[in-house]
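Enquirer: Mind looking over this structure? Questions follow.
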Amino acid sequence: MAAHADRRVGGDIGVRYDSLGGSGGFLGAPLTGEVRTPNGRGAYVVFQGGSIYWSPATGAQEVHGAIRNAYGWAGWEGGYLGFPRTNEVRTPDGRGAYNVFEGGSIYWSPQAGPNAHVVRGAIRDAWGQYSWEGGPFGYPTSSEFDIPGGKRSNFQRGWIEWRPSGMRMFAESGVPGCGSPHRGASPEEAVTCFMRAWEMGRGDVMANYTSNAIVTEQLKIREVNSGVGPYTVEGCGRATSGFPRTSAGIHCVVQFPAPPGEVHGGVMTLGIGLYDRGAWIEELESIG
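Residue 502 in the working numbering sits at position 87 of the sequence shown, and the numbers go up by one each step.
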């Protein structure tokens with residue numbers, strides 16, 4: 416199809432086109448006029464270097480390169496992704512790019528292969544909870560695909576699966592023998608990985624194993640306070656005050672049943688033993 420450098424591009428699409436440099440920008444000259452989308456919800460113009468899509472709900476947004484190729488593979492605006500909500504955006508690490516769409520996102524990085532990949536639904540939500548491409552999983556290396564009973568996406572350092580029964584995920588953390596997030600680690604395994612992560616200065620991995628590691632400490636307390644009953648970890652987070660060199664700097668709120676008027680919980684600060692290399696409670700603030 417021949418380019419039409421003199422073809423006028425108007426409306427919101429024209430405004431976006433001009434903001435990106437017009438015919439002198441990366442989009443180049445228009446190859447079509449404004450075309451209504453088959454679903455009747457919007458319009459688009461195809462250029463030498465990409466496309467600009469518009470709908471009342473999303474405005475005018477450009478899509479180009481490998482991300483545009485993946486968008487076409489997913490069915491354009493008539494597929495599950497719908498219209499683009501953003502232009503192509505560089506990732507914070509400067510090593511890739513993405514567009515957000517109504518029904519998901521498409522990510523691209525040369526380090527993850529030549530193609531861009533679709534991430535959507537519950538898998539995208541789980542990935543986002545672990546800091547997107549900046550977290551333990553890295554960039555996607557596949558679009559979502561079917562597995563028995565569910566869906567899966569592969570990433571540079573792991574995978575995320577969805578089934579009606581729940582999510583499963585695994586990523587190599589860079590701490591030897593310790594995945595992040597962990598997959599049902601025993602308390603003993605959690606303590607080992609907790610220590611290794613502490614020695615490597617990997618607070619993110621430490622946090623993943625904290626709840627398991629604290630279980631080991633709960634069992635120790637239960638040996639002393641027999642008959643207290645089951646403990647529950649209500650949540651763990653970074654300590655906000657100063658702590659000794661051996662401390663992991665993590666506080667966990669722990670609750671356990673107790674007779675009226677007696678202590679029924681505590682805020683534990685988890686530390687690292689200098690001699691036995693075990694996790695231990697450095698400080699316990701009682702909750703009445």
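We put the beta carbon where it would ideally sit given N, CA and C, even for glycine.
(1) So does the region 587 to 595 actually touch the region 561 to 568, counting three or more Cβ pairs closer than 8 Å?
(2) Using the beta-carbon count (16 or more within 10 Å), is Arg423 buried or exposed?
(3) Going along the chain, which residues of its own chain have a beta-carbon closer than 6 Å to the beta-carbon of Gly616, five neighbours each way excluded?
(4) Nearest-angstrom Cα distance between Asn530 and Asp433?
(5) What does a CB cutoff of less than 8 Å around Asn484 pick up in its chain, not counting 5 residues either side in sequence?
(6) Along the chain, where does the alpha helix (DSSP H) that runs through Arg583 open and close?
(7) Looking at Gln476: is its Cβ nearer than 8 Å to the Cβ of Arg500?
(8) Under DSSP, the alpha helix (DSSP H) around Gln544 begins and ends at which residues?
(9) Provide the residue(s) that pair with Gln476 in DSSP beta bridges, ordered along the chain.
(10) By Cβ distance, which residues of its chain are closer than 8 Å to Gly519, with the 5 residues on each side in sequence left out?
(11) By the DSSP assignment, the beta strand (DSSP E) with Gly565 in it spans what residues?
(12) Just to confirm before moving on: does the CB-CB distance between Glu492 and Tyr522 stay below 8 Å?
(13) Note the first and the last residue of the continuous beta strand (DSSP E) segment covering Glu460.
(14) Which residues in the same chain as Thr704 place their Cβ atom closer than 7 Å to its Cβ, once the five residues preceding and following it in sequence are excluded?
(15) Rounded to whole angstroms, what is the Cα-Cα separation between Phe441 and Arg583?
(16) Thinking C-beta only, is Ile428 closer than 8 Å to Ala458?
(17) From Phe585 to Asp561, what distance separates their C-alpha atoms?
(18) I'd like the span of the alpha helix (DSSP H) that includes Tyr432, first residue to last.
(19) Measuring alpha carbon to alpha carbon, tell me which residue in Ala481, Gly490, Gly509, Glu517 is nearest Ser470.
(20) Taking DSSP as the reference, what is the three-state secondary structure of Tyr522?
(21) For Gly572 versus Gly553, is the C-beta distance shorter than 8 Å?
(22) Do Pro555 and Ser595 come within 8 Å of each other at the CB atom, strictly closer than that value?
Expert: Taking the coordinates as given:
(1) no
(2) As a working note, residue 423 is residue 8 in the sequence shown. Arg423 comes out exposed.
(3) For the purposes of this step, residue 616 is identified with residue 201 of the sequence shown, where counting begins at 1. Taken in chain order, the list of residues that qualify is empty.
(4) Taking the sequence shown and counting its residues from 1, the one referred to as residue 530 is at position 115. Taking the sequence shown and counting its residues from 1, the one referred to as residue 433 is at position 18. Approximately 28 Å between the Cα atoms of the pair.
(5) In the sequence shown, the residue the question calls residue 484 occupies position 69. Excluding sequence neighbours, Asn484 sits near Asn530, Ala531.
(6) For the purposes of this step, residue 583 is taken as residue 168 along the sequence shown, with counting starting at 1. Run containing Arg583: none in the alpha helix (DSSP H); it sits in the beta strand (DSSP E), 581 to 590.
(7) On the sequence shown, residue 476 is found 61 positions in, with the first residue counted as 1. On the sequence shown, residue 500 is found 85 positions in, with the first residue counted as 1. Contact: yes.
(8) For the purposes of this step, residue 544 is taken as residue 129 along the sequence shown, with counting starting at 1. Here the alpha helix (DSSP H) through Gln544 covers 536 to 544.
(9) What you label residue 476 is simply residue 61 of the sequence shown in a count that begins at 1. Tyr468, per the DSSP bridge assignment.
(10) The residue you call residue 519 lines up with position 104 of the sequence shown. The answer, listed in chain order, is Tyr495, Leu496, Val533, Val534, Arg535, Gly536, Arg539.
(11) Working through the sequence shown from its first residue, we reach residue 565 at position 150. Start and end: 565 to 570.
(12) Sequence index remark: in the sequence shown, residue 492 carries index 77 (1-based). Sequence index remark: in the sequence shown, residue 522 carries index 107 (1-based). No; because the gap between Cβ atoms is not below 8 Å, this pair is not in contact.
(13) For the purposes of this step, residue 460 is taken as the residue at position 45 of the sequence shown. Note that residue 460 corresponds to Val in the displayed sequence, not to Glu. Counting along the chain, the beta strand (DSSP E) containing Val460 begins and ends at 458 to 462.
(14) The structure shown has nothing for residue 704, since the chain only spans 416 to 703.
(15) Reading the sequence shown from its first residue, position 26 is the one you call residue 441. Reading the sequence shown from its first residue, position 168 is the one you call residue 583. Answer to the nearest angstrom: the Cα atoms are 41 Å apart.
(16) Residue 458 sits at position 43 when you count from the first residue of the sequence shown. Residue 428 sits at position 13 when you count from the first residue of the sequence shown. Contact: yes.
(17) As a first step, residue 585 is located in the sequence shown; it is residue number 170 there, counting from the start. As a first step, residue 561 is located in the sequence shown; it is residue number 146 there, counting from the start. Straight-line Cα distance between these residues: approximately 18 Å.
(18) Position 17 of the sequence shown, counted from the first residue, corresponds to residue 432. 426 to 434 is the extent of the alpha helix (DSSP H) around Tyr432.
(19) Position 55 of the sequence shown, counted from the first residue, corresponds to residue 470. Checked all of Ala481, Gly490, Gly509, Glu517; the closest Cα to Ser470 is Glu517.
(20) Working through the sequence shown from its first residue, we reach residue 522 at position 107. Strand, per DSSP.
(21) On the sequence shown, position 157 is the one that residue 572 refers to. On the sequence shown, position 138 is the one that residue 553 refers to. Position check: residue 572 holds Arg in this sequence, whereas Gly was assumed. Their beta carbons are under 8 Å apart, which means Arg572 touches Gly553 by this criterion.
(22) Residue mapping note: residue 595 aligns to position 180 of the sequence shown, counting from 1. Residue mapping note: residue 555 aligns to position 140 of the sequence shown, counting from 1. Against a cut-off of 8 Å, the Cβ pair of Pro555 and Ser595 comes out as no contact.
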